[in-house]
Each structure stands twice: as C-alpha cells, then as structure tokens.
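Chains as they are written, first to last, in our numbering: chain A, 4 to 378; chain B, 14 to 118; chain C, 6 to 174; chain D, 9 to 140; chain E, 143 to 510. Data block below; observations after.
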C-alpha cells in the first residue's frame with residue numbers, strides 16, 4: 004500500500020469526519036457575512052467573535068430531544084435524512100482539489116454529480132412525506148418539483164461545458180481548460196457566460212438557497228420538509244444542505260473557473276506572483292484584519308501561513324488547493340449575497356422561471372455553443 | 014491482475030434470472046396496479062443486467078446501447094403507464110387490477 | 006474484491022426486489038425498487054458499463070422513480086394499503102416461478118458451458134462513454150431518432166391522458 | 009493508479025459508506041445524549057399550535073405528475089446529450105444534424121405540453137383592479 | 143385548464159403559532175395543492191377586554207391602556223383617546239401641545255411603517271430590509287425614550303395636553319433623524335422598489351378595489367392604494383394638521399405593491415410634516431385647564447384620527463359618572479383584516495403571507 008493508493012481513502016475519511024464541523028463554520032461564515040450586509044455583528048458571544056459558536060451549536064443539537072411525530076412512517080423518517088447526507092457526500096468523491104488531491108478521477112465525474120443530486124431528491128420527498136404533517140408535505144412537494152425542474156437547466160448548462168472539454172471527468176475538464184488556455188467561463192468567445200448564468204441560477208435553486216428557498220420558506224410553511232425533524236436528525240438535513248452548497252460551489256469553480264488552476268495558468272512568468280505572492284498577500288491582509296479585531300492567535304496563524312507561501316517549493320505544492328478554495332469561497336460569497344438581497348420567489352413564478360425561461364434559454368445557449376464550437 | 018478475481022458471467026445470468034423471477038412473481042401476485050408496474054420495471058432491469066453481462070463478455074458495446082434504449086423506452090413507458098393508472102384510478106376509484114378487467118367504463 | 010462487490014450489489018438488488026414485491030405500503034415498494042435499481046447500477050459498474058451506471062441512477066432512480074413516488078402520493082395511500090394484496094392468479098404464478106427456478110437450476114448445474122470467465126475490465130480502452138457515443142450516434146443513429154419519436158408520442162399521450170380526466174364524468 | 013473499475017470506484021463507495029457511518033453515529037449520539045421526555049402533545053405533528061385536521065397524506069395536484077413527466081423527458085434528452093457532447097467534435101456536422109433532429113422532436117413534445125397549459129401554474133389569474 | 147383530480151382539500155392551520163401571522167392570528171386555509179380555496183380568520187387569542195376595562199376605570203386611568211392595543215403605534219392610540227376625551231369634556235390642548243402631538247404622531251407613523259416594512263419584507267424572504275428598518279426605528283424609539291422614558295407604550299400625551307415639556311435635545315435629535323432618514327428611505331427603495339422579485343411578488347397580489355374597500359370599510363394605506371383619496375388628516379383635520387403642507391399619496395393599483403409604495407411615500411410626507419413642525423413649535427403652555435377629576439356631562443362622542451394603519455376611532459358614551467358608560471374602539475387592523483378573505487381566496491399560500499403583510503395588522507389591536 005503506497006501513499007498514493009491510500010490517499011483517496013484518507014481524503015474520504017477526512018471529508019466525512021471533518022465536514023460536520025466545516026459545515027458549522029460555513030454557517031458561521033454565512034451568518035457573519037449576512038450580518039455584515041445587514042449592518043450588525045452576527046454571533047459574538049460564544050468565543051471571540053463567535054468563533055466557537057458552531058461547536059456550541061453542535062453540542063446543543065446533540066443534547067436535544069429527538070422527536071418522532073406520531074403516525075410518522077418511522078422507517079422512512081429515519082432513512083430520509085441519511086439519504087440526503089449520503090448523496091451529498093458522495094459527490095465529494097469526484098471533486099478534484101488539485102491535480103493529485105482527489106478521491107477518484109472518474110470518466111463520468113460530472114454525470115455522477117448530477118445523478119447523486121437526482122437521488123438526493125428522495126431525501127426531501129420521503130422526509131416530508133413520512134412526517135405526516137401538512138407543512139412537511141407542502142415543503143416536500145415544493146422541494147421535489149423545484150429540484151427536478153431546475154435539474155434540467157443545470158444539466159443543460161453543464162452539457163455546454165462538456166462540449167468544450169470533450170470529457171465528463173472533472174479532472175479532464177480542468178486539464179482541458181489548461182490546454183485551451185482559457186477558463187470555460189469565457190469560452191466560446193464569451194458565449195459560455197450565458198451558460199454560467201444559467202448554471203448559477205439553477206444551482207442556487209438546486210441547493211434551496213434564497214431566493215429559491217421555497218421548500219423551507221419559514222414565513223410560509225414554517226420549515227418545510229424538515230418541520231418535524233429535531234435534534235441531530237434535523238442537523239443532518241442542514242449538513243446535507245451545506246454540503247450540497249459546497250459541492251455546487253466546487254462544481255462551479257471547477258468547470259467554469261478552472262478549478263485548481265491559477266489565473267493565467269499558461270503564462271510562465273506569472274507562476275511565482277500568482278502561486279506565492281498573491282496568496283501570501285491575501286493571508287497577510289487577513290492577518291492584519293484579525294489583528295484589528297484583536298484575534299491575535301489567528302493573526303499569528305494567518306501570518307505564518309502567509310510566510311509559508313513565500314517558500315517557492317511550498318507555494319508550488321499549496322497553490323492549487325489555495326486557488327481552488329479561493330474560487331469556491333468566491334462563489335459561496337455570491338450565494339450569500341443573493342440571500343441578503345432578494346426576496347423569495349413564489350411557487351408559480353419559480354416554475355415559470357424554470358420551465359419557460361431558463362430551459363429555453365439553456366437550450367438556446369446549448370445550440371449556440373454547439374455551433375460556435377463546431378466552427 | 015490475475016483472472017481469479019473476475020466474476021464469471023454465469024453469476025450475472027443467474028442473478029438476472031432470479032431478479033426476473035421476482036418481477037414475474039410480483040407481476041402475477043400483486044393486485045395493486047402500481048406494484049405490478051414496479052414489478053415490470055424489475056423484469057426490465059433483469060433483462061438489462063443480462064444485456065450488459067453479454068456485452069461485457071463479448072467486448073462489444075452493442076449490449077450496453079441496447080440497455081440504453083431499454084431505459085429510455087422504460088422511462089417513456091412509465092410516463093404513459095402512470096398516466097393510464099391515474100386515469101383508471103380517477104374513473105374507477107380503485108387500484109386493484111382484478112377490478113380493472115374491462116376496457117369499457 | 007470483485008466477487009465481494011458482486012455479492013454486495015447482488016444482495017442489495019435482491020433485497021430491494023424482494024421488498025418491492027412483498028411490501029404492503031407502495032411507498033416502501035418504491036423504496037425497495039430504488040435500492041434494487043441502485044444495486045443493478047453497481048453491477049453495471051462491475052461490468053465496465055460506466056455510462057450506464059450513471060444513466061441508471063440519473064434516469065431510472067432520479068427520474069422514473071420520482072414519477073412513481075409522485076403517482077403513489079397522488080392517489081390515496083390508505084386505500085392502496087387496504088387492498089387485498091395478492092391476486093387470484095397465484096397458481097399461474099407458482100407455475101411460472103417453478104419453471105424459472107428449474108431453469109436456474111439447470112443453468113447452475115451446467116455452469117454455462119462454452120462461456121469463459123469474464124475478462125477483467127480494463128480501464129479506458131478509449132473510454133466507455135466515448136465508445137458508446139460513437140456507436141450510438143453512428144451505428145444506432147436511426148434507433149436514436151426513433152427514440153425521440155417515441156418520446157414525443159409518449160409525452161403527447163401522457164399529457165392527453167392526464168388532461169382527459171378533467172372532463173366531468 | 010487504479011487499473012480496474014472496481015478499484016477506481018471503490019473510494020467512491022468508501023466515501024458513501026463513511027458518510028453513512030458518520031451520519032448514523034451522529035444520530036446515535038443524539039439519541040444517546042439527548043433528553044427523552046415524550047408526551048402526546050409533543051409527538052403530534054406541528055400545525056401552528058392547533059390539532060391537525062385529517063391526514064397529511066392527502067392527494068395533491070396532478071400538476072406535479074406533469075412536471076415529473078416533463079423532467080423525465082428532459083432527463084432522457086440530457087442523457088443523450090452528455091455522450092453526444094463528449095464526442096460532438098469528432099461526429100462533426102452529421103452528429104450535429106442528428107442531435108438537432110432529435111431535439112426538435114423532443115422539444116415539439118415540450119412545446120405541446122407548454123401550449124396545453126401544463127406549465128401554467130397560475131390557474132385562475134389574479135383579479136384585476138377595475139378602477140385604475 | 144382545470145388540471146386536477148378531485149382533490150380532497152387539505153385543511154391547513156396557519157397560526158396561531160406561525161412565523162408570519164404577526165402574533166396569534168389563526169387562519170384556517172382550505173387548500174387545493176397550494177391554492178387557497180377558502181380562508182377563515184380565527185381571532186381572539188389576544189383578547190384582553192380592553193373596552194370593558196375602560197368602563198371600569200376613570201378617564202385618566204384608562205389612558206395608558208390604549209397604548210397596549212396597537213403597541214406599534216402607541217402614540218397614535220393615545221392621541222385618539224386624548225382627543226376624544228377632550229372633546230367630551232370640551233377642552234382643547236394648547237397650540238404648543240398640539241404641534242408636539244403632531245410631531246410624535248408622525249414619528250410614530252414612521253416607526254410603525256418601518257416595522258411593517260421590515261417584517262413584511264421578511265415574510266417575503268427579504269431578510270436584510272428588516273435589519274435596516276429596525277436600525278432606523280431605533281432612532282425614533284430613542285427620541286421617545288428621551289422624551290418620556292418609555293420606548294413602545296409611551297403614554298406620551300395626557301388629556302388636555304402633555305405631561306412633560308420637550309427635552310432639550312429633542313429638536314436636534316429629530317432634525318438629525320429627519321436628515322438621516324431621507325437618505326435611508328432612498329436606500330430602501332433601491333433595495334426593494336425596483337427589485338424584480340419584490341415587484342413580482344407584490345404586483346397584482348391581494349387586489350381590493352375601491353368599491354370593495356368601501357364596502358369592507360377598509361381605511362388607511364390600503365384604501366389609498368385603491369385610488370381613494372381619503373386621509374383623516376386632510377378630510378377632518380385634527381390637532382392642527384390643517385396648518386401643514388403635505389400630500390396624501392394615492393395610487394390606483396389596489397394591490398400589495400401599491401400599498402407598499404403608499405407607505406413608503408407616507409413616510410416621506412411624514413418627514414415633511416416633521417420638518418415643518420420643528421420650525422413652528424410655539425412657546426407657551428403644554429397643558430390646558432383640565433379638572434383634576436374628570437366627570438364629563440352625559441353625552442357621547444366619536445373621534446377618529448388617521449393612525450398609521452387606518453382610521454382609528456374612539457366612541458365614548460358618558461353617563462356623567464367617573465367612568466365611561468361605554469367605550470368602543472374602532473381599530474383599523476380589525477376592520478381591514480376582514481377583507482383578507484376577499485383577497486386571499488384564489489391566491490397561493492405565499493400570497494396569503496404577502497397579503498397579511500400588506501394589510502398591516504397588529505393582533506393587540508384586532509383582539510383588544
């Protein structure tokens with residue numbers, strides 16, 4: 004057993020173990036950014052600047068009572084959140100963090116993500132249906148119809164990517180972007196921007212985020228399909244949701260923004276500035292920010308990691324994950340931005356947007372890209 | 014890689030046969046029209062399994078393509094079949110195949 | 006490893022299938038079918054049918070089964086569960102079952118002479134997807150177009166059926 | 009590097025299993041540490057503080073069926089599109105025309121559904137202000 | 143296309159414990175899918191018998207109670223009550239008190255509309271607006287607090303005038319608020335008015351035409367959004383509103399979107415009134431001569447004012463004793479809420495939320 008053969012399993016284990024905590028911190032980051040949009044501070048009480056909030060939340064959730072409504076279909080009630088989590092985590096397997104850091108490089112990587120997303124629908128339908136609650140059922144119906152509607156547009160926009168790359172492998176897609184010297188976002192003389200636009204809207208709808216958060220619209224149907232869930236079973240739905248958000252951001256970063264590639268990956272002389280100086284500068288900036296917030300341990304940590312990037316060998320090794328996560332964060336930020344700025348769509352508007360506008364548009368984009376690509 | 018690990022094709026065929034039998038059993042035994050329909054899907058899958066097994070054995074993709082088409086047709090069939098079930102249910106208020114024996118209302 | 010995986014997937018497939026034909030609640034039946042289909046998808050993978058694996062999950066599990074669940078939820082479940090579950094045709098069914106088991110027995114006894122053990126699937130012999138695509142769009146171009154026609158007819162028929170029942174009885 | 013499909017896909021399976029194990033153990037931890045104090049009011053489904061009326065598993069609009077059916081239509085199309093997209097450069101103009109033909113046929117189904125109003129979710133349009 | 147099976151309708155309880163029924167309103171919705179077939183309002187969860195209490199308190203004692211009805215705009219409640227009792231006993235507040243009353247009433251109108259804007263935006267999923275409006279409302283509440291020590295249930299006025307002289311920093315605070323708020327209002331509009339989803343969610347939703355408004359006796363912004371130019375501040379000026387130069391915004395859409403725009407515009411007009419009032423606060427007494435023990439002559443009086451939510455009326459019958467013989471409140475929320483059924487039938491669940499939001503109800507006032 005060499006390290007290389009062990010690496011996928013190691014990564015799988017790390018993902019599975021760490022992501023519950025990572026999700027907690029994603030929530031914290033989201034709350035903090037939202038707070039920033041909304042002229043307030045966000046969580047501040049637990050730990051400095053609320054940094055221990057996720058841990059407190061997790062502890063609270065573990066200590067919560069796990070209720071099962073009467074007349075619920077017990078088996079399905081137990082199974083549904085597990086289904087959601089498992090399908091969400093399965094997609095991790097094909098996300099490449101760098102050329103070597105990945106669990107599996109499948110020939111059908113992109114298709115697998117779509118397929119797992121399609122299975123994820125069952126977590127919502129069965130969860131909502133098994134609760135035997137009116138609000139849950141409404142949420143489940145909304146969720147199921149919304150997910151399958153937007154899956155179409157999502158799939159169609161991804162097909163354009165496949166047309167450019169000529170492969171379904173996530174690894175292959177990034178390599179194709181390297182070889183073609185362009186991020187697919189700007190591919191086909193800018194036509195791919197349209198595809199990305201469709202992808203972004205459909206992706207936001209796919210992960211039930213505002214303005215498409217109808218399945219769990221609090222002000223209308225309380226909590227939607229997970230109204231009856233409590234304790235960690237509820238947390239599993241949240242875990243699945245945030246994992247899906249991460250996945251969708253990672254897919255966007257990989258297929259449209261060149262994945263782990265640094266900007267201008269083909270220009271040799273930019274290697275050091277992009278691989279070392281930019282990350283270091285960014286980390287120093289964050290360190291300075293932490294210093295201003297009097298978070299000195301973090302200042303030190305970020306400062307040291309900034310310094311580490313200045314060592315050429317380390318920079319080469321770390322720059323790929325750095326760029327990958329930077330891009331993922333950027334897309335994540337955009338999702339939060341959406342949430343902060345837009346009201347929620349209504350049900351019929353959601354369906355209209357999906358079927359009558361997005362899908363024809365996606366087909367048009369597909370056709371246009373196909374013609375341009377053939378030339 | 015030694016050949017020892019490989020699973021003989023006959024296993025797949027036997028599995029396919031068992032699956033098919035289960036489908037037949039469900040098809041014949043069950044009265045709920047939806048379950049009967051699901052049994053048909055089971056049988057289709059059993060057939061798909063043999064197709065793929067043979068395709069793999071003969072190192073040709075034709076079997077896989079056939080499976081591909083079977084899936085597509087099955088999806089179309091499900092769409093129409095379930096629409097028929099809905100109509101039947103609407104007209105007769107029942108799901109029992111024993112009671113839905115005539116084509117006339 | 007292949008053998009172990011085969012047994013695992015075969016077990017999932019059969020358990021799911023068994024649940025499908027025996028469970029009383031149609032939602033549970035559907036769930037059984039989902040697992041059975043997933044098991045079959047795994048078996049596809051073991052036989053190097055990579056694309057079919059994904060298509061099985063995407064189309065069959067993610068598409069057809071959602072439709073099934075919707076229809077199950079569309080009609081009264083309580084009523085479905087109250088139905089007498091098994092039909093009167095059981096003698097025929099038993100005979101059919103017996104015939105198939107006989108066949109399996111014969112198969113197992115003869116061990117399928119003439120069939121060598123499966124070759125170990127090699128990776129990326131041109132890529133499964135590419136090979137299927139080439140074959141699909143050249144050799145099977147006509148069936149491919151025919152499929153679209155079938156789909157058109159299916160959708161028109163389904164919508165027509167779904168619409169027809171609005172007319173007052 | 010993995011040499012067989014089972015080796016290649018095994019990590020994916022492992023990932024899925026890990027996820028299931030972690031999720032199940034989290035639920036288990038919740039069950040173990042969590043309070044248990046059940047009563048009938050707590051076990052009744054949430055209905056804004058009232059007693060629920062009837063079963064929640066009622067029938068719902070057939071529209072959802074139509075959406076799912078349309079989804080299958082497009083799913084099939086996508087399933088054909090993916091392999092096509094992989095090789096469409098090699099297929100050239102022949103493959104392009106083939107796919108356009110396919111899409112035209114499938115989309116005419118979509119058009120039919122659209123025209124039949126299956127995509128109109130607003131059944132009775134909102135009332136209009138008369139005195140404006 | 144009536145694309146439905148004969149669906150057995152789903153009965154859904156929305157409320158009393160529901161995030162968007164603004165308190166403890168209970169709606170029993172009869173749903174077909176997501177479409178509302180029938181709606182029944184169940185109220186009374188917050189009933190405290192305020193009117194009956196009024197019959198057992200002296201006129202002065204009862205004054206703080208009115209604040210607890212529409213606790214979002216307590217100042218208006220107090221103003222209406224004071225005006226009614228003053229008319230009953232034939233007193234009138236001195237000019238200074240009147241202007242100060244107008245100032246507080248308009249500040250309160252802004253606070254009330256702000257809370258409305260924030261919460262109904264939150265109901266529609268636009269969560270950011272809530273925090274912005276709460277931030278601005280805080281400034282208004284601070285002014286109240288500095289004036290009388292209370293933020294919400296202020297009991298700012300007394301029968302015959304005011305209890306307290308204005309605090310020293312009042313003018314500066316109010317001017318600063320007015321300056322700041324003008325810019326903030328533009329900010330809200332940037333966030334919402336042209337926001338395509340916001341427009342889509344509100345346009346054509348919950349239409350209540352002018353005739354229907356009249357037949358339901360709907361008042362306030364809802365009425366003016368239906369094209370009826372009716373505002374008691376202009377129609378029957380009280381407390382010196384006739385001295386001010388302001389406009390009554392009127393729109394003709396009769397839908398939720400126009401109600402939203404009316405309220406935004408009303409806040410602008412309130413600022414205009416506040417600016418003018420700050421310029422012309424006369425000096426002088428703040429309290430008219432009112433007997434220590436109120437014993438009005440037998441008679442009855444109905445006085446109504448334009449509260450933020452509509453016409454707020456007090457009907458008081460005196461039998462010459464220390465207590466009112468009968469006290470009846472015409473709460474705008476209660477009357478406006480009656481039109482919910484008209485608007486909600488045929489809408490979607492999400493629309494019901496929007497409609498409740500744009501009616502702008504306070505359950506304390508509905509149930510009393």
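Every residue, glycine too, gets a C-beta built ideally from N, C-alpha and C.
Under DSSP, residue 34 of chain C forms no beta bridge with any residue. Between residue 187 of chain A and residue 167 of chain A a beta carbon distance of about 5 Å is seen, short of the 8 Å cut, so the two are scored as contacting.
Rounded to the nearest whole angstrom, the C-alpha separation of residue 152 of chain C and residue 112 of chain D is 12 Å. By the 16-neighbour rule on beta-carbons within 10 angstroms, residue 311 of chain E is exposed. Within the region 96-117 of chain D, contact with chain C at the beta-carbon level (separation under 7 Å) is assigned to 99, 103, 106, 109, 110, 113, 114, 116 and 117.
The C-beta of residue 186 of chain E comes no closer than 8 Å to any C-beta of chain A.
With fewer than three CB-CB distances shorter than 8 Å, the region 306-316 of chain A does not count as touching the region 353-369 of chain A. Taking the Cα of residue 25 of chain C as reference, the smallest distance to any Cα among B/53, B/25 and B/26 is reached at B/53. Using a Cβ distance threshold of 8 Å, residue 279 of chain A and residue 330 of chain A do not count as a contacting pair.
By the 16-neighbour rule on beta-carbons within 10 angstroms, residue 497 of chain E is buried. By the 16-neighbour rule on beta-carbons within 10 angstroms, residue 21 of chain A is exposed. A straight-line Cα-Cα distance of about 15 Å links residue 235 of chain A and residue 126 of chain A. Taking residue 308 of chain A as reference, the option from A/52, A/298 and A/286 with the minimal CA-CA separation is A/286. At least one CB atom of chain E sits nearer than 8 Å to the CB of residue 223 of chain A. Taking a cut-off of 8 Å on C-beta distances, the region 334-344 of chain E does not touch the region 451-459 of chain E, as fewer than three cross pairs fall below it.
In summary, residue 291 of chain A is exposed, with fewer than 16 beta-carbon neighbours lying within 10 Å of its beta-carbon over all protein chains present. At a cut-off of 8 Å between beta carbons, residue 76 of chain D contacts chain C. Considered as a whole, the region 95-180 of chain A harbours 112-133 and 137-168 as its complete alpha helix (DSSP H) runs of no fewer than 4 residues, in chain order. Using a 10 angstroms sphere on the CB of residue 295 of chain A, the tally of other CB atoms stays under 16, which defines it as exposed. Using a Cβ-Cβ cut-off of 8 Å, residue 53 of chain B does not count as an interface residue toward chain C, since no Cβ of chain C sits closer than that to its own. Taking the Cβ atoms as the reference, residue 126 of chain D lies roughly 42 Å from residue 19 of chain A, outside the contact range of under 8 Å.
Looking at C/136, C/164, C/41 and C/23, the one whose alpha-carbon comes closest to that of residue 70 of chain C is C/41. Cβ neighbours of residue 297 of chain E within its own chain (closer than 8 Å, five residues either side excluded): 205, 206, 209, 216, 220 and 290.
Not flagged as an interface residue toward chain E: residue 265 of chain A, since no C-beta distance is shorter than 8 Å.
Taken in chain order, the members of the region 35-52 of chain A whose beta-carbon sits within less than 8 Å of a beta-carbon on chain E are 37, 40, 41, 42 and 43. Short of 8 Å from the beta carbon of residue 466 of chain E, and not among the five residues preceding or following it, lie these beta carbons of its own chain, in chain order: 196, 197, 201, 204, 458, 459 and 460. Beta bridge pairing from DSSP links residue 400 of chain E with no other residue. In the three-state reduction of the DSSP assignment, residue 445 of chain E falls in the strand class. Under the DSSP assignment, residue 470 of chain E falls in the beta strand (DSSP E) whose first and last residues are 466-472.
In terms of Cβ geometry, residue 273 of chain E and residue 42 of chain A form a close pair [threshold 8 Å]. Our two residues, residue 157 of chain E and residue 166 of chain E, have alpha carbons roughly 6 Å apart in a direct line. No Cβ of chain A is located within less than 8 Å of the beta carbon of residue 125 of chain D. Where residue 457 of chain E is concerned, there is no enclosing alpha helix (DSSP H), although the beta strand (DSSP E) around it starts and stops at 452-460. Across the set E/295, E/396, E/303 and E/447, the C-alpha of E/303 shows the shortest separation from the C-alpha of residue 235 of chain E. Listed along chain B are 84, each with a C-beta nearer than 7 Å to that of residue 65 of chain C. Taking a cut-off of 8 Å for Cβ pairs, the region 52-69 of chain A and the region 108-121 of chain A do not touch, as fewer than three such pairs fall below it.
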